[in-house]
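Participant: Questions regarding the structure given below will be posed in turn.
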Amino acid sequence: MSQHDKSRLDKAYDLINNEEDARVCKDIPDAACHHQPKNFFAYLIANFLGKIADELASAKLTLPWLLGALGTPAVFTGFLVPIREAGVLLPQLFVAAAVRHLPVRKGVWLLGAALSAIALAVMALTAGWVSGVAAGWAIIVSLVVFSLARGLCSVSAKDVLGKTISKGRRGNLMGISSGIAGVATLGVGVYIEFFSQNPSSDLLAGLLWIGAILWAIAFVVFAQIEEQPGATEGGGNAFATAFKSFALLKTDRPFRQYVIGRALLLSTALAPPFYVLLAQQYSENDLSGLGMLIIASGIAGAISAPVWGKMGDRSSRLVMILASLAAGVLGIVLFALAESSSPWLSNPLVHAGFFLLLTVFHSGVRLGRKVYLVDLANADNRATYVALSNTVIGLTMLAGGAIGLLADILSIQVVILVLSVIAVLAAIWVVRLPEVSE
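If you count the sequence shown from 1, you need to add 354 to reach the working numbering.
Here it is in structure tokens:
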């Protein structure tokens, strides 16, 4: 990097952070402080490129629509979200300790980025050349690789961030990254819905190719980060911790009740792909309405935090109850409309509205259960609670993916009904949990 480019980078860094102490390095080594402007922008760019790519290959939205367009049995759709979520979780359980023993950890992120690019490229090839059951298996296997790769990125990203960007800058960085990614995702939705010509699975393949390219660019950008060697001690294996602590499910009643409630709340996570499949059934062609769903998802992401954030601080238990109950009622209403062949469902805006509300309600469930666990635990048992609950929920989610069989045997709306009833039961169960918010 030339001196002129470095000067421009420094000025941009000072402008974004907008503080007189923008160069103060509160909790990173002096050597890292020198490279902080460069690292800030490298991390920022790589992060929002990855976020955009993730949205283009969303297991809740893009991939369900793709599988439907390729004539794949619905059972494959049922496993999309479980594999995506559990696949990210597994590296955190099994390899996090090994990552902590590495003095420089950006290589783990780069490996994850490379595998992510390859996995999305394979999905894109599948979208263009394969159909039916073969396409289902190809997408599922690629998603397994993609999810594990994203898990590697997740395990290493926070460590790299903590070693290269000073405290007080990290929130700003992540906020800017999420904002840019959100705007870009909305732009994709607007393009698909209003400007795309002759929509078909070719466009879906194109989105996946773009996702693969974005991950490749993110790889190159993240490689520019100057990471100083760090501490390698500490950090046990989360899976071993969870395995040793299974007795807690028997002896710790509040925690056991929470885990059961969280398992029931998975219904709100499993439902979105089936909302997408139902919307696709009513679409005029391959992609009619998909753009509207992407727009709805982007809007939901923007409004969810203010809707649930302050309420979560007052009572995370109440957030779980309200969000889960609302998701359940929403699904029951959608089931009734589908069973009665309501003409309303021929309007893509109606499906977008349902998807937006479901996304908002699921965001509430996620926020509520995360805050509740933090408040329920203390410094001594928090790591154990997190490891054990993640292990149980990861296994439960994989098993829950089989619900897609119901869509093949009965109908998509029946799956939505079943998941909605479970969401209502989850709300009833969470009422029994002790209040832990102060």
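Backbone N, C-alpha and C fix where the C-beta goes; we use that ideal spot for every residue, glycine too.
All figures in this text were calculated on a predicted structure; none of them were measured in a lab.
Candidates Arg786, Val544, Gly516 and Val575: which alpha carbon is nearest Leu403's?
Facilitator: Cα-wise, what sits closest to Leu403 is Val575.
Participant: Assuming Ala467 and Thr480 make a contact with CB atoms under 8 angstroms, what is their CB distance in whole Å?
Facilitator: Rounded, the Cβ-Cβ distance is 21 angstroms, inconsistent with contact.
Participant: By DSSP, does Glu547 sit in helix, in strand, or in coil?
Facilitator: Correct three-state label for Glu547: helix.
Participant: Under three-state DSSP, which class holds Ala793?
Facilitator: The structure shown does not extend to residue 793, since the chain is modelled only from 355 through 792, so no value can be given for it.
Participant: I'd like to check one pair, Ser555 with Leu424: are the Cβ atoms closer than 8 angstroms?
Facilitator: Cβ distance < 8 angstroms, so Leu424 and Ser555 count as in contact.
Participant: Can you look up Glu352 in the DSSP assignment and give me helix, strand or coil?
Facilitator: Any answer about residue 352 is impossible in this case: the structure gives the chain only from 355 up to 792.
Participant: Among Ala492, Leu779 and Trp419, whose alpha-carbon lies nearest the alpha-carbon of Leu620?
Facilitator: Considering only alpha carbons, the answer is Leu779.
Participant: Where does the unbroken alpha helix (DSSP H) through Ser510 begin, and where does it stop?
Facilitator: Counting along the chain, the alpha helix (DSSP H) containing Ser510 begins and ends at Gly486 to Thr518.
Participant: Thinking Val484 and Ala492 are a contact (beta carbons under 8 angstroms), I'd like their distance in whole angstroms, please.
Facilitator: Their Cβ separation, rounded to whole angstroms, is 6 angstroms, which keeps Val484 and Ala492 in contact under 8 angstroms.
Participant: Could you pull out every residue in the same chain whose Cβ sits closer than 8 angstroms to the Cβ of Ala396, ignoring the five residues on either side in sequence?
Facilitator: Excluding positions up to five away in sequence, the list reads Val575, Phe576, Gln578 and Ile579.
Participant: Note down, in chain order, each residue of its chain lying with its Cβ closer than 8 angstroms to the Cβ of Ile564, except the 5 sequence neighbours on either side.
Facilitator: So the qualifying residues of the chain are Ala407 and Leu410.
Participant: State buried or exposed for Trp419, treating a residue as buried only when at least 16 other CB atoms are found within 10 Å of its CB.
Facilitator: The residue in question, Trp419, is buried, as its Cβ has 16 or more Cβ neighbours within 10 Å.
Participant: In angstroms with no decimal places, state the Cα-to-Cα distance between Ala475 and Val790.
Facilitator: When rounded, the distance between both Cα atoms is 46 angstroms.
Participant: Would you mind sorting Trp783 into buried or exposed? The rule is 16 or more other CB atoms within 10 Å of its CB.
Facilitator: Label assigned to Trp783: buried.
Participant: For Arg812, tell me which candidate among Ile546, Leu558, Ile614 and Leu641 has the shortest Cα-Cα distance.
Facilitator: Here the chain comprises residues numbered 355 to 792, so residue 812 is not present and cannot be evaluated.
Participant: Excluding five sequence neighbours on each side, which residues of the same chain lie with their C-beta closer than 8 angstroms to the C-beta of Lys460?
Facilitator: For Lys460, where only same-chain residues beyond five positions count, the Cβ hits under 8 angstroms are Ser510, Val514, Phe576, Ala577, Ile579 and Glu581.
Participant: Can you tell me the Cβ-Cβ gap for Leu561 and Thr416, rounded? I've got them flagged as a contact below 8 angstroms.
Facilitator: Between Thr416 and Leu561 the Cβ distance is about 6 angstroms, and since that is below 8 angstroms, they are a contact.
Participant: Does the beta-carbon of Ala680 have 16 or more other beta-carbons within 10 angstroms, so that it is buried, or is it exposed?
Facilitator: Under this definition Ala680 is a buried residue.
Participant: DSSP state of Arg438, grouped into three classes?
Facilitator: Arg438 falls in the helix class under three-state DSSP.
Participant: Which same chain residues end up closer than 7 angstroms to Val537 when comparing Cβ atoms and leaving out the 5 residues on each side of it in sequence?
Facilitator: No residues qualify anywhere along the chain.
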